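Presented below is the structure to which this report refers.
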Amino acid sequence: MQTKLNIAIAGCGIAGLAAAALLAQQGHNIHLYDQFDQPEPVGSGLVIQPVGQVVMQVAGALPEALAHGNKIKHLTGHTSPANKLVLKAGYGDGFGLAIHRASLFAALFRAAEQAGVTVIPNARIRATRLAGNGRHLHTQSGENEDPFDLIIDATGAHSPLSPIVNQPLPFGALWATVDWPQDSPLPMNALSQKYRGSAIMAGVLPIGRLLDGPGSKAAIFWSLRHSDLPNWQQTPLDHWRDSVHRLWPEFAPFINQVGQHSDFTMARYSHGTLTNPVSSRLVHIGDAAHTASPQLGQGANMALLDAFALASAIAARADLVNALETYRMARRNHIRTYQAISRLFTPLYQSDSRVLPILRDHVLAPISGLGPMQKLLSRLVSGDLVPPVQAGLRWPGSGGSGV
Ligand SMILES: Cc1cc2nc3c(=O)[nH]c(=O)nc-3n(C[C@H](O)[C@H](O)[C@H](O)COP(=O)(O)OP(=O)(O)OC[C@H]3O[C@@H](n4cnc5c(N)ncnc54)[C@H](O)[C@@H]3O)c2cc1C
Numbered sequence: 038m039q040t041k042l043n044i045a046i047a048g049c050g051i052a053g054l055a056a057a058a059l060l061a062q063q064g065h066n067i068h069l070y071d072q073f074d075q076p077e078p079v080g081s082g083l084v085i086q087p088v089g090q091v092v093m094q095v096a097g098a099l100p101e102a103l104a105h106g107n108k109i110k111h112l113t114g115h116t117s118p119a120n121k122l123v124l125k126a127g128y129g130d131g132f133g134l135a136i137h138r139a140s141l142f143a144a145l146f147r148a149a150e151q152a153g154v155t156v157i158p159n160a161r162i163r164a165t166r167l168a169g170n171g172r173h174l175h176t177q178s179g180e181n182e183d184p185f186d187l188i189i190d191a192t193g194a195h196s197p198l199s200p201i202v203n204q205p206l207p208f209g210a211l212w213a214t215v216d217w218p219q220d221s222p223l224p225m226n227a228l229s230q231k232y233r234g235s236a237i238m239a240g241v242l243p244i245g246r247l248l249d250g251p252g253s254k255a256a257i258f259w260s261l262r263h264s265d266l267p268n269w270q271q272t273p274l275d276h277w278r279d280s281v282h283r284l285w286p287e288f289a290p291f292i293n294q295v296g297q298h299s300d301f302t303m304a305r306y307s308h309g310t311l312t313n314p315v316s317s318r319l320v321h322i323g324d325a326a327h328t329a330s331p332q333l334g335q336g337a338n339m340a341l342l343d344a345f346a347l348a349s350a351i352a353a354r355a356d357l358v359n360a361l362e363t364y365r366m367a368r369r370n371h372i373r374t375y376q377a378i379s380r381l382f383t384p385l386y387q388s389d390s391r392v393l394p395i396l397r398d399h400v401l402a403p404i405s406g407l408g409p410m411q412k413l414l415s416r417l418v419s420g421d422l423v424p425p426v427q428a429g430l431r432w433p434g435s436g437g438s439g440v
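Note that our numbering has the sequence shown beginning at 38, numbered continuously upward.
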């Protein structure tokens, strides 16, 4: 598209920052709004899969993210007490980039800044209104005077603009960031998980260093039913730790660093997908368009892919209506596929089912160890089981080892 568009992006998270950087690089006029007064990310660590790394590279954020994050080569899961390996997925020639959210946010923020984007803070978006030749944005201080050519909703899972219906999941997880214990036998190049049935799960993700300090860190998590949170909060930490030590002795040096209940953040998960993320001069991207449990580790990736596809569609098509339709088609299959698989997989790891963990450990685990299944699993976690973008848009990555 030759015309310089006047674009408002609501939400300065992963999707919003990536879209801002990519569209500003094309010369569009970007107004990036967020409710925060100081830019700040929430949460612990996550994994940027190979396809997400490709987008980070194009946006100019990958070198800084690599400098802080940690490369992981495998995801592993063992049962307790048998210590049987029931999940092993590798990245082939590629890797997952495990990173603290603050480091990811900083890398994307700098890329957007370098592309000329300025953030408008303290702007709580409430609604939009279509006018003849554009769309207005409402914040707590009123409506903007001149309408925008396009509004991109990247306000995440609780978007005030998106008609998405999210189904809350019964299980979430407690997350915390701790030091990597020097004598830990756990591998620093893998996400390690431990399961008992599907109602109990713990994990350790080595996420590299924080922005403001040296030393390797880990994001740790403990799966928990929401309804069990008050009970957990009332149980003395030592009692809980004792039961966790029995489940997974190698987890002890990680959770022993956590001094009080409030050092953990309870993350809530939900599933939901918009059938059509596009309407007149408005498009929903990232978690505003699709939410899933983090079992497949794809949420941030999908946010990055949405941003890439949208920017590519706007560059490739002569008019906005066409560009938005191309965007919708470009992401449709990938989103549908990953959302469906995520729905299917989540209860294997987070549910009260007695049958599903037996199926997971005694049927799926042996099948997944076979050569062709290993390749399939590798593509699944890498994010390119199906092409990340379609509808004729060019994808710069070459699959699992795309960077
Ligand atoms: C515990 C946990 C672990 C995860 N692990 C992984 C993983 O390993 N790999 C992976 O790919 N994904 C993972 N995810 C998913 C991933 O974090 C999300 O999918 C991703 O953050 C979505 O990005 P987003 O930009 O759409 O939304 P967000 O990152 O949530 O950003 C939304 C932004 O919008 C702003 N905002 C919200 N409402 C308003 C408003 N009304 N007005 C103005 N601003 C507003 C917020 O302040 C925020 O800055 C995980 C998620 C959780 C909870």
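All C-beta atoms, glycine included, are put in the ideal place defined by N, C-alpha and C. All values reported here derive from a predicted model rather than from experimental measurement.
Would residue i be called buried (16 or more neighbouring beta carbons within 10 Å of its own) or exposed?
| i | result |
| --- | --- |
| Arg-172 | buried |
| His-276 | exposed |
| Ile-395 | exposed |
| Pro-409 | exposed |
| Pro-200 | exposed |
| Ser-299 | exposed |
| Asp-249 | exposed |
| Asp-389 | exposed |
| Gly-193 | buried |
| Gln-271 | exposed |
| Val-154 | buried |
| Gly-436 | Below a pLDDT of 50, predicted positions are generally treated as unreliable, and Gly-436, at 43, falls in that range; the measurement from the model is reported next regardless. That one is buried. |
| Gly-106 | buried |
| Ala-47 | buried |
| Asp-421 | buried |
Measure from the C-beta of residue i to each C-beta in chain B and report whether the shortest distance is under 8 Å.
| i | result |
| --- | --- |
| Leu-54 | In the displayed structure, chain B is absent; only one protein chain is listed. |
What distance in whole Å lies between the Cβ atoms of residue j and residue i, which are believed to be in contact at a cut-off of 8 Å?
| i | j | result |
| --- | --- | --- |
| Phe-291 | Val-241 | 6 Å |
| Ala-340 | Ala-52 | 4 Å |
| Tyr-70 | Ala-160 | 4 Å |
For residue i, which residues from the same chain have a beta carbon less than 6 Å from its beta carbon, with the 5 sequence-adjacent residues on both sides left out?
| i | result |
| --- | --- |
| Ala-227 | Ile-109, His-111, Thr-113 |
| Thr-310 | His-327, Gln-376 |
| Leu-211 | Trp-259, Leu-261, Phe-301, Met-303 |
| Ala-441 | Here the chain covers residues 38 to 440 and nothing more, so residue 441 does not appear. |
| Ser-81 | Trp-212, Thr-214, Ala-256 |
| Tyr-306 | Leu-206, Gly-209, Ser-330 |
| Gly-64 | Lys-41 |
| Ala-96 | Ala-55, Ala-58, Leu-59, Ala-148 |
By Cβ distance, which residues of its chain are closer than 8 Å to residue i, with the 5 residues on each side in sequence left out?
| i | result |
| --- | --- |
| Ser-379 | His-308, Ala-329, Ser-330, Gln-332, Leu-333, Gln-335 |
| Val-281 | Ala-239, Trp-259, Phe-288, Ala-289, Ile-292 |
| Pro-197 | Ile-162, Arg-163, Ala-164 |
| Asn-2 | A question about residue 2 goes unanswered here, because the residues of the chain that appear run from 38 up to 440. |
| Arg-391 | Gly-234 |
| Pro-384 | Ser-235, Ser-390, Leu-393 |
| Val-418 | Gln-86, Leu-112, Ala-126, Tyr-128, Gly-133, Leu-333, Gly-334 |
To which residues of the same chain is residue i closer than 7 Å at the C-beta, ignoring the five residues directly before and after it?
| i | result |
| --- | --- |
| Asn-181 | His-173, Leu-174 |
| Leu-414 | Ala-126, Ser-405 |
| Val-92 | Ala-55, Leu-341, Leu-342, Ala-344, Phe-345 |
Ignoring anything shorter than 3 residues or poking outside the segment 168-230, list the beta strand (DSSP E) runs there in chain order. 171-176, 187-190, 208-216
Contiguous alpha helix (DSSP H) assignments of at least 4 residues, all confined to the segment 258-324: 266-271, 274-284, 289-292
In chain order, what are the residue ranges of uninterrupted alpha helix (DSSP H) at least 4 long that sit wholly in the segment 43-75? 51-62
For the segment 376-432, which segments carrying the alpha helix (DSSP H) assignment without a break, of at least 4 residues, lie completely within its bounds, in sequence order? Here the runs fully enclosed are 392-396, 402-405, 408-419.
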